[in-house]
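Numbering-wise (the UniProt record's numbering), the sequence shown opens with residue 1 and increments by one.
The structure appears below as structure tokens.
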Amino acid sequence: MSEEPNATGVMVVEPMGNAGPFLAEAADRLGLRLYGATHRDVHEGYAPWLARALAGVCFTDLTDPDRALDDLESYCREHRIGAVAACWELFTPLAAALAARLGLPGNDPALAQAARNKIAMAEAFRTAGIPVPAGAVAADAEQAHQAAADAALGWPLVVKPAEQGGSWGVSVVAGPDGLDDAVAAARRFTRAMPHGLPLDPRVLLQSYVPGAEYSAETVVADGVPYALPVVAKDTTSGRYRVETGHTCPAGLPPELTRAVQHTAARAALAVGIRNGIAHTEVKIPPGSHTPVVIETGARLPGDNICEIVEAATGISEAVAYLQAVAGRLPDTGATRERAAAIRFLLPERAGVLELVRVPDVPGTHSEIEVRPGDPVPEPADSSGRIGHVVAVADSPAEARRLADRAIAGTRLRVK
Ligand SMILES: Nc1ncnc2c1ncn2[C@@H]1O[C@H](COP(=O)(O)OP(=O)(O)OP(=O)(O)O)[C@@H](O)[C@H]1O
Ligand SMILES: [Mg+2]
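Below, the structure written as structure tokens:
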């Protein structure tokens with residue numbers, strides 16, 4: 001962490017997210033002091049490196065926006081904080097409101113809810129004329145049956161919670177018989193942990209968009225969008241769409257790369273990103289050249305995408321994000337032309353992990369997050385991961401091949 005007393009301070013509203021390590025490293029590189037806002041009990045569970053990376057912590061109740069804003073405003077003024085960032089999707093509206101209160105660069109607070117709530121997001125996209133799946137909102141299973149029929153969404157369709165991430169509670173439903181279970185799964189979590197934030201209990205139904213899936217970040221500085229590299233996203237193909245990996249670059253032809261970046265930029269602006277970053281996911285139906293937006297979030301990507309983008313292109317998305325919120329011009333030019341792929345180790349079923357051994361494939365490195373003896377859940381969402389493998393190579397095909405080889409050679413036993 002920078003010791004420079006006059007360095008600009010950046011307040012991160014809950015730095016405990018997948019992008020936390022990348023933000024901490026970026027702050028260090030830029031000579032910014034990093035502060036965090038969180039709950040006292042959540043802070044007790046911080047990894048030691050995160051606690052050490054913070055120059056100070058504002059303890060508040062992030063589930064009470066009025067109180068959090070008051071606490072954060074006085075803390076930020078006292079510590080002469082010059083920028084506000086977010087790392088936890090559900091607090092991106094709070095970060096926008098805080099930046100506005102402090103008169104600092106940030107996103108449009110009036111639209112910020114649309115980057116957190118998928119129902120508000122669908123409305124913002126439709127208003128902006130962005131290609132999105134047809135959708136309908138339901139409060140319970142009965143309404144879902146009615147809405148699926150009235151909106152003629154067709155089958156399969158997708159049921160998802162209005163507010164969640166990590167594919168939690170998202171199901172692809174083949175026909176009316178599966179709808180009750182899918183609605184129950186989407187409504188299972190009424191609060192987001194570890195903060196206990198109450199969630200919108202409604203569910204969103206969407207027509208199913210076929211085709212390959214991609215993501216792209218857009219960094220926005222003073223309302224001007226700058227495109228970042230397109231990443232190909234692989235998921236499981238059944239009822240639960242859990243990410244199995246990502247590859248950068250995506251290997252798309254140039255005109256489709258530009259179409260994805262352009263669509264991602266429109267999505268970011270539609271949910272009010274003015275000084276910040278958005279992670280947008282799209283699908284491209286077979287034979288089409290029009291990316292359809294699945295969702296966007298006003299935050300850095302999860303899934304260690306920051307790592308593979310930097311390994312492939314030299315671009316630090318976290319540096320670009322911090323530059324944008326600090327009112328500087330973001331560095332978005334590639335400095336290398338390589339490729340990187342990440343693959344997640346998922347168990348085949350729930351149980352207790354007995355053994356995991358990843359082979360040493362040259363060009364790859366791995367990280368295991370679960371220890372033998374630990375329980376592993378059913379791989380229905382991103383919480384079911386055991387670890388990941390990253391491969392860096394000269395081409396996306398080669399990076400995928402190396403990562404797949406390490407995954408294929410992994411010995412994994414769940415009891
Ligand atoms: N309308 C749709 N058509 C086709 N596939 C979809 C649709 N909506 C969601 N999916 C699939 O389900 C995945 C998870 O959905 P979504 O991104 O909306 O939820 P999430 O919980 O925010 O996900 P995550 O945080 O994992 O990106 C998508 O990445 C995509 O593979
Ligand atoms: Mg998603």
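Every residue, glycine too, gets a C-beta built ideally from N, C-alpha and C.
Q. Quick one, which of Val-57, Ala-399, Thr-60 has its alpha-carbon nearest Gly-245's?
A. Start at 1 with the first residue of the sequence shown, and residue 245 comes out as number 245. For Gly-245, the nearest C-alpha among the options comes from Ala-399.
Q: Report the three-state DSSP secondary structure of Lys-118 (helix, strand or coil).
A: What you label residue 118 is simply residue 118 of the sequence shown in a count that begins at 1. DSSP places Lys-118 in helix when its eight states are reduced to three.
**Q.** C-alpha distance - Ala-406 paired with Glu-25, whole-angstrom precision
**A.** Taking the first residue of the sequence shown as 1, we reach residue 406 at position 406. Taking the first residue of the sequence shown as 1, we reach residue 25 at position 25. In a straight line, the C-alpha of Ala-406 is about 28 angstroms away from that of Glu-25.
Q: Tell me whether Pro-229 sits in a helix, a strand or coil according to DSSP, three-state version.
A: Along the sequence shown, read from residue 1 onward, the residue named residue 229 stands at position 229. Three-state result, Pro-229: strand.
Q) Where Ser-202 and Val-137 are concerned, what is the direct C-alpha to C-alpha distance, given to the nearest angstrom? A) The sequence position of residue 202 within the sequence shown is 202, counting from 1. The sequence position of residue 137 within the sequence shown is 137, counting from 1. One detail in the question is off: residue 202 reads as Arg in this sequence, not Ser. Going by the C-alpha atoms only, they are around 7 angstroms apart.
Q: Below 6 angstroms CB to CB, which residues in the same chain sit around Pro-93 once its five sequence neighbours on both sides are set aside?
A: Here residue 93 is taken as the residue at index 93 of the sequence shown, counted from 1. Excluding residues within five positions, the ones whose Cβ falls inside 6 angstroms are Ala-112, Gln-113, Arg-116.
Q | Chain-ordered residues, beta carbon under 7 angstroms from a heavy atom of ligand 2 | A | Having a Cβ closer than 7 angstroms to some heavy atom of ligand 2 are Gly-165, Ser-167, Glu-281, Ile-294, Glu-295.
Q. Alpha carbon to alpha carbon, how far is Asp-234 from Gly-129?
A. For this step, residue 234 is matched to residue 234 along the sequence shown. For this step, residue 129 is matched to residue 129 along the sequence shown. Cα to Cα, the separation comes out at about 27 angstroms.
Q. With distances taken between CB atoms, is the gap from Phe-22 to Arg-40 smaller than 8 angstroms?
A. On the sequence shown, position 22 is the one that residue 22 refers to. On the sequence shown, position 40 is the one that residue 40 refers to. It is not a contact, given that the beta carbons lie outside the stated cut-off.
Q. Can Arg-241 and Ser-167 be called in contact, C-beta distance under 8 angstroms?
A. For the purposes of this step, residue 241 is identified with residue 241 of the sequence shown, where counting begins at 1. For the purposes of this step, residue 167 is identified with residue 167 of the sequence shown, where counting begins at 1. Yes, Cβ-Cβ distance for Arg-241 and Ser-167 is below 8 angstroms.
Q: Just mark Glu-317 as buried or exposed, buried being the case when its beta carbon has 16 or more other beta carbons within 10 Å.
A: Translated into the one-based positions of the sequence shown, residue 317 becomes position 317. Flag for Glu-317 reads buried.
Q. Cβ atoms of Leu-90 and Ala-37: under 8 angstroms apart, would you say?
A. For the purposes of this step, residue 37 is identified with residue 37 of the sequence shown, where counting begins at 1. For the purposes of this step, residue 90 is identified with residue 90 of the sequence shown, where counting begins at 1. No, Cβ-Cβ distance for Ala-37 and Leu-90 is not below 8 angstroms.
Q) Rounded C-beta distance between Ala-340 and Ile-308? I'm assuming under 8 angstroms. A) Mapped onto the sequence shown, residue 340 falls at position 340. Mapped onto the sequence shown, residue 308 falls at position 308. Between Ala-340 and Ile-308 a beta carbon distance of about 4 angstroms is seen, short of the 8 angstroms cut, so the two are scored as contacting.
Q. According to DSSP, which residues form a beta bridge with Asp-234?
A. Here the question's residue 234 lines up with position 234 in the sequence shown. Paired residues: Gly-245.
Q) In this structure, does DSSP put Leu-94 in helix, strand or coil? A) Translated into positions along the sequence shown, residue 94 becomes position 94. DSSP places Leu-94 in helix when its eight states are reduced to three.
Q: Would you kindly work out how many angstroms separate the C-alpha atoms of Pro-198 and Thr-190, rounded to a whole number?
A: Start at 1 with the first residue of the sequence shown, and residue 198 comes out as number 198. Start at 1 with the first residue of the sequence shown, and residue 190 comes out as number 190. In a straight line, the C-alpha of Pro-198 is about 6 angstroms away from that of Thr-190.
Q) What does Gly-9 pair with, by DSSP beta-bridge criteria? A) Here residue 9 refers to the residue found at position 9 of the sequence shown. Bridge partners of Gly-9: Arg-33, Ile-81.
Q | Backbone CA spacing between Glu-3 and His-79 [nearest angstrom] | A | Residue mapping note: residue 3 aligns to position 3 of the sequence shown, counting from 1. Residue mapping note: residue 79 aligns to position 79 of the sequence shown, counting from 1. In this prediction, Glu-3 has a pLDDT of 49, which is less than 50 and means its spatial position is unreliable; nothing more can be read from the coordinates.
Q) Of the residues Ala-408, Gly-327, Leu-329, Thr-290, which one's Cα is nearest the Cα of Arg-343? A) Residue 343 sits at position 343 when you count from the first residue of the sequence shown. Checking every option, the nearest Cα to that of Arg-343 belongs to Ala-408.
Q) When the Cα atoms are used, what is the spatial distance from Leu-228 to Arg-274? A) As a working note, residue 228 is residue 228 in the sequence shown. As a working note, residue 274 is residue 274 in the sequence shown. Those two C-alpha atoms are separated by around 16 angstroms.
Q: Could you pull out every residue in the same chain whose Cβ sits closer than 8 angstroms to the Cβ of His-145, ignoring the five residues on either side in sequence?
A: Taking the sequence shown and counting its residues from 1, one reaches residue 145 at position 145. Result list for His-145: Pro-176, Leu-179, in chain order.
(Q) Rounded to the nearest angstrom, what separates Ala-141 and Asp-181 at their Cα positions? (A) What you label residue 141 is simply residue 141 of the sequence shown in a count that begins at 1. What you label residue 181 is simply residue 181 of the sequence shown in a count that begins at 1. Computed Cα separation, rounded: 9 angstroms.
Q: Round the Cβ separation of Val-325 and Val-209 to the nearest angstrom and send it over; I've been treating them as touching at under 8 angstroms.
A: By one-based count along the sequence shown, residue 325 stands at place 325. By one-based count along the sequence shown, residue 209 stands at place 209. About 32 angstroms separates the Cβ atoms of Val-325 and Val-209, ruling out a contact at the 8 angstroms cut-off.
(Q) Just verifying my parser: in three-state terms, what is the DSSP assignment at Phe-125? (A) Position 125 of the sequence shown holds residue 125. Note: Phe-125 maps to helix in three-state DSSP.
Q. Exposed or buried, Glu-44, counting other C-beta atoms within 10 Å across all chains shown (16 or more means buried)?
A. For the purposes of this step, residue 44 is taken as residue 44 along the sequence shown, with counting starting at 1. Looking at its Cβ environment, which holds fewer than 16 other Cβ atoms inside 10 Å, Glu-44 is exposed.
Q: State yes or no: is the C-beta of Pro-93 nearer than 7 angstroms to some heavy atom of ligand 1?
A: Counting from 1 along the sequence shown, the entry for residue 93 is found at position 93. Pro-93 Cβ: outside cutoff for every heavy atom of ligand 1.
Q: Go ahead and pull the three-state DSSP assignment for His-39.
A: By one-based count along the sequence shown, residue 39 stands at place 39. Coil at His-39, not helix or strand.
Q) Does DSSP put His-279 in a helix, a strand or coil? A) Residue 279 sits at position 279 when you count from the first residue of the sequence shown. In the structure shown, His-279 sits in a strand (DSSP, three-state: E or B).
Q) How is Met-1 classed by DSSP in three states: helix, strand or coil? A) Start at 1 with the first residue of the sequence shown, and residue 1 comes out as number 1. No answer about Met-1 holds up, because its pLDDT of 48 lies below 50 and its placement is not dependable.
Q) Taking Cβ positions, are Ala-99 and Val-84 nearer each other than 8 angstroms? A) For the purposes of this step, residue 99 is identified with residue 99 of the sequence shown, where counting begins at 1. For the purposes of this step, residue 84 is identified with residue 84 of the sequence shown, where counting begins at 1. In this structure, Val-84 lies closer than 8 angstroms to Ala-99 by Cβ.
Q: Tell whether a beta-carbon distance below 8 angstroms holds between residue 471 and Ala-278.
A: Since the first residue shown for the chain is 1 and the last is 415, residue 471 is missing from the structure and cannot be characterised.
(Q) Could you give the first and the last residue of the continuous alpha helix (DSSP H) run that contains Cys-58? (A) By 1-based counting over the sequence shown, the position of residue 58 is 58. That residue, Cys-58, is in no alpha helix (DSSP H); its beta strand (DSSP E) goes 56–59.
(Q) Taking the alpha helix (DSSP H) that Thr-218 belongs to, which residues open and close that run? (A) Reading the sequence shown from its first residue, position 218 is the one you call residue 218. Thr-218 -> not in any alpha helix (DSSP H); beta strand (DSSP E) instead, spanning 212–221.
Q) Just how far apart, CA to CA, sit Gly-20 and Pro-379? A) The sequence position of residue 20 within the sequence shown is 20, counting from 1. The sequence position of residue 379 within the sequence shown is 379, counting from 1. Rounded to the nearest angstrom, the two C-alpha atoms are 24 angstroms apart.
Q: Mind checking which residues open and close the beta strand (DSSP E) that includes Glu-398?
A: Here residue 398 corresponds to residue number 398 of the sequence shown, with the count starting at 1. From DSSP, Glu-398 is part of no beta strand (DSSP E) but of the alpha helix (DSSP H) over 396–408.
Q) If we call anything under 8 angstroms between Cβ atoms a contact, is Ala-265 one with Pro-330? A) As a position in the sequence shown, residue 265 is number 265, starting the count at 1. As a position in the sequence shown, residue 330 is number 330, starting the count at 1. At the C-beta level, Ala-265 and Pro-330 stay beyond 8 angstroms of one another.
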